[in-house]
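Engineer: Please find one structure pasted underneath; my questions will follow.
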Amino acid sequence: MHALFVRSAAVAVAVTGTLTWAPAASAQPSEPTPSASAETPAPDAGSVEIITKDPAGDALLGAAFLLLDSAGQEAGRGKTDAQGKLTFSDLAPGVYRLKEISSGSSLHDTADDQDVIVTPGNATRLTVVDPFKAASVLVKGKDDKTGKLLPGSTVNIGSGDKTILTLTTGADGTASGKLPINSRTGTDFWVKQVKAPAGYNIYKPSKAFKAKPGDPVTVTVTNAKTATTPPPSEKPTDKPTEKPSDKPSPDKPGRDEDTPAPSASGTPTSNESASPAPSGSLAHTGADATPWLIGGAGVLIVAGGGALFAARRRRTDDSTDDGSSAS
């Protein structure tokens, strides 16, 4: 009876049921559908390798860089190692922007931004040179006596045979600028004044100084005031500097040379003594008449001797005459 019940139930299901037997969907695995990416392979990636140095060729540790893609989105960030190296890998081909955020050194400045082109499957190598920090120079113009700051002092600053800066002090007597440095230990410079402040003499010698990376340097140029001509100590007068001569001139007729000038005693003097001394010689004095006096004295002596001889002869003749008459 049990078997009959089962068979009947099976028939009833077969007759009255509308369902059909079908395997479940999970009973058999489904076929994989090919994707679009499998048909178009992705392009090969590239990379950027950076080496960072200073002007002396020394590698810089800890220089920080940022890499941006063409849309301005960050594509990489990192710092250089002890050899100054940094690599950005797995980059899609294209143009990137490399920015140095920090040099990692107190002596160095960061390099300028630059574009980097990444090509498929290749490494783009770059050498970045971080310059030494510029030195700040302050120029002062001063009065060499009072120390007063002077405007209008123009100087050239250079290194070797090259002029780097030309600065002129302003109303406060100062001027400032930046000097490039090419060594860790500093660079030698010179300063020379090319124009002095108004009313001052120019300072001709050059001054030498040294500046290190990032250091502030003050250079002072002193000037002396221009010397002024002192006023004359004696006022000019209208009096003649030379005694006028007694010689006649066309404008002023002189005294007639033939007319002797009266002496202080009222006795006229001789023409010889009254005539002025010739130019370029000393005046005549009484010493010039000595030869004449000597000659006159000789004549007188000779005349006196002759007279004495004549008197003696006459006396002798008279005595002879007397003797003859007596005999």
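For the sequence shown, the residue numbers in mature numbering (1 follows the signal peptide of the UniProt record, and there is no 0) are -27 to -1, 1 to 300. Even glycine gets a Cβ: it sits at the ideal position worked out from N, Cα and C. Note that the coordinates shown come from a computational prediction; the quantities given were computed from them, not determined experimentally.
#1: Should I130 be labelled buried (16 or more other beta-carbon atoms within 10 Å of its own) or exposed?
#2: Any idea what DSSP makes of I175, helix, strand or coil?
#3: Would DSSP call D161 helix, strand or coil?
#4: With DSSP as the reference, label D42 as helix, strand or coil.
#5: Would G77 and A29 qualify as a contact pair, given that the criterion is a beta-carbon distance under 8 Å?
#6: Pull up the DSSP beta-bridge partners for S149, would you.
#7: According to DSSP, G140 sits in a beta bridge with which residue or residues?
#8: What are the boundary residues of the beta strand (DSSP E) that includes S62?
#9: Near K198, what residues of its chain come up, given a Cβ to Cβ distance below 8 Å and the 5 sequence neighbours on each side ignored?
#10: Rounded to whole angstroms, how far is the Cβ of V192 from the Cβ of F182, which I believe are closer than 8 Å?
#11: For my contact list, K58 and P186 are in at a C-beta cut-off of 8 Å; report their separation, rounded to the angstrom.
#12: Where A32 and K113 are concerned, what is the direct C-alpha to C-alpha distance, given to the nearest angstrom?
#13: Taking only the alpha-carbon atoms, compute the straight-line gap between T88 and G159 and give it to the nearest angstrom.
#14: In the DSSP assignment, find the unbroken beta strand (DSSP E) run with T53 in it and report its ends.
#15: If you check the beta carbons only, do K180 and V190 fall under 8 Å apart?
#16: Are at least three pairs of beta-carbons, each pair with one atom in the region 128 to 143 and one in the region 62 to 69, less than 8 Å apart?
#17: Evaluate S(-2) with the Cβ neighbour count: other Cβ atoms within 10 Å of its Cβ, from every protein chain shown; 16 or more gives buried, anything less gives exposed.
#18: Beta-carbon separation of K72 and L99 under 8 Å?
#19: Taking D82 as the reference, give the member of G35, G51, Y69 with the closest Cα.
#20: CA-CA distance, P178 and P170?
#21: Tell me whether the beta-carbon of V91 lies closer than 8 Å to the beta-carbon of Y69.
#22: Beta-carbon within less than 8 Å of E12's beta-carbon, same chain only, minus the 5 sequence neighbours each way: which residues are those?
#23: What are the start and end residues of the beta strand (DSSP E) that includes N95?
#24: Taking a contact to mean a Cβ-Cβ separation below 8 Å, would you say T60 touches L111 in this structure?
#25: Quick one: what does DSSP say S75 is sitting in, helix, strand or coil?
#26: For T53, count neighbouring C-beta atoms within 10 Å of its own C-beta (all shown protein chains included) and say buried if the count is 16 or more, exposed if not.
#27: Keeping to the same chain, check which residues put their C-beta closer than 8 Å to that of D145; ignore five residues upstream and five downstream.
#28: Look at the Cβ atom of G94, then the Cβ atom of G45, and state whether they are nearer than 8 Å.
Structural biologist: Judging by the given coordinates:
#1: Position 157 of the sequence shown, counted from the first residue, corresponds to residue 130. So I130 counts as buried.
#2: For the purposes of this step, residue 175 is taken as residue 202 along the sequence shown, with counting starting at 1. Correct three-state label for I175: coil.
#3: Along the sequence shown, read from residue 1 onward, the residue named residue 161 stands at position 188. If DSSP states are grouped into helix, strand and coil, D161 belongs with the strands.
#4: The residue you call residue 42 lines up with position 69 of the sequence shown. Residue state, collapsed to three classes: coil.
#5: The residue labelled residue 77 in the question sits at position 104 within the sequence shown. The residue labelled residue 29 in the question sits at position 56 within the sequence shown. Not closer than 8 Å, so no.
#6: The residue you call residue 149 lines up with position 176 of the sequence shown. Answer by DSSP bridge pairing, in chain order: L111.
#7: Mapped onto the sequence shown, residue 140 falls at position 167. It should be pointed out that residue 140 corresponds to Leu in this sequence rather than to Gly. DSSP, once it has assigned bridges, lists V128 as partnering L140.
#8: On the sequence shown, residue 62 is found 89 positions in, with the first residue counted as 1. Per DSSP, S62 belongs to the beta strand (DSSP E) from 58 to 64.
#9: The residue labelled residue 198 in the question sits at position 225 within the sequence shown. The beta carbon of K198 sits closer than 8 Å to the beta carbons of D116, K118, G172, Y173, N174 from its chain, once the five residues preceding and following it are set aside; these are given in chain order.
#10: On the sequence shown, residue 192 is found 219 positions in, with the first residue counted as 1. On the sequence shown, residue 182 is found 209 positions in, with the first residue counted as 1. The C-beta separation of V192 from F182 comes to about 6 Å, placing the pair in contact by the 8 Å criterion.
#11: Locating residue 58 in the sequence shown gives position 85, where the first residue counts as 1. Locating residue 186 in the sequence shown gives position 213, where the first residue counts as 1. Not really, about 23 Å apart at Cβ, beyond 8 Å.
#12: Here residue 32 is taken as the residue at index 59 of the sequence shown, counted from 1. Here residue 113 is taken as the residue at index 140 of the sequence shown, counted from 1. Our two residues, A32 and K113, have alpha carbons roughly 38 Å apart in a direct line.
#13: Counted from its first residue, the sequence shown places residue 88 at position 115. Counted from its first residue, the sequence shown places residue 159 at position 186. Sequence inspection shows Asp at residue 88; the Thr mentioned does not correspond to that position. Those two C-alpha atoms are separated by around 32 Å.
#14: Start at 1 with the first residue of the sequence shown, and residue 53 comes out as number 80. Looking at the DSSP string, T53 is not in any beta strand (DSSP E), and its letter there is neither H nor E.
#15: The sequence position of residue 180 within the sequence shown is 207, counting from 1. The sequence position of residue 190 within the sequence shown is 217, counting from 1. Contact flag unset, no.
#16: By the C-beta criterion, the region 128 to 143 is judged not to be in contact with the region 62 to 69, since fewer than 3 inter-stretch pairs fall below 8 Å.
#17: Here residue -2 corresponds to residue number 26 of the sequence shown, with the count starting at 1. Confidence at S(-2) is low in this model, with a pLDDT of 46, below 50, so the placement of that residue should be treated as unreliable; the coordinate-derived value is given next. Counting Cβ neighbours within 10 Å, S(-2) comes out exposed, since fewer than 16 surround it.
#18: Translated into the one-based positions of the sequence shown, residue 72 becomes position 99. Translated into the one-based positions of the sequence shown, residue 99 becomes position 126. Contact flag unset, no.
#19: Working through the sequence shown from its first residue, we reach residue 82 at position 109. The shortest Cα separation from D82 among G35, G51, Y69 belongs to G35.
#20: Position 205 of the sequence shown, counted from the start, is the residue given in the question as residue 178. Position 197 of the sequence shown, counted from the start, is the residue given in the question as residue 170. So the two alpha carbons sit approximately 16 Å from each other.
#21: As a first step, residue 91 is located in the sequence shown; it is residue number 118 there, counting from the start. As a first step, residue 69 is located in the sequence shown; it is residue number 96 there, counting from the start. A contact, by the Cβ cut-off of 8 Å.
#22: Along the sequence shown, read from residue 1 onward, the residue named residue 12 stands at position 39. Per-residue confidence for E12 stands at a pLDDT of 47, beneath the threshold of 50, marking its modelled position as unreliable; the derived number appears in the next sentence. Once the five neighbours on either side are set aside, E12 has no close Cβ partner at all.
#23: Numbered from 1 along the sequence shown, position 122 holds the residue referred to as residue 95. In the DSSP assignment, N95 falls outside any beta strand (DSSP E), carrying neither H nor E.
#24: Position 87 of the sequence shown, counted from the start, is the residue given in the question as residue 60. Position 138 of the sequence shown, counted from the start, is the residue given in the question as residue 111. Inclusion of T60 and L111 in the CB contact set at 8 Å is not warranted, their separation being larger than that value.
#25: One-based indexing of the sequence shown puts residue 75 at position 102. Reduced to three states, the DSSP call for S75 is strand.
#26: Position 80 of the sequence shown, counted from the start, is the residue given in the question as residue 53. So T53 ends up on the buried side.
#27: Here residue 145 is taken as the residue at index 172 of the sequence shown, counted from 1. Only L122, P124 meet the Cβ criterion.
#28: For the purposes of this step, residue 94 is taken as the residue at position 121 of the sequence shown. For the purposes of this step, residue 45 is taken as the residue at position 72 of the sequence shown. No, Cβ-Cβ distance for G94 and G45 is not below 8 Å.
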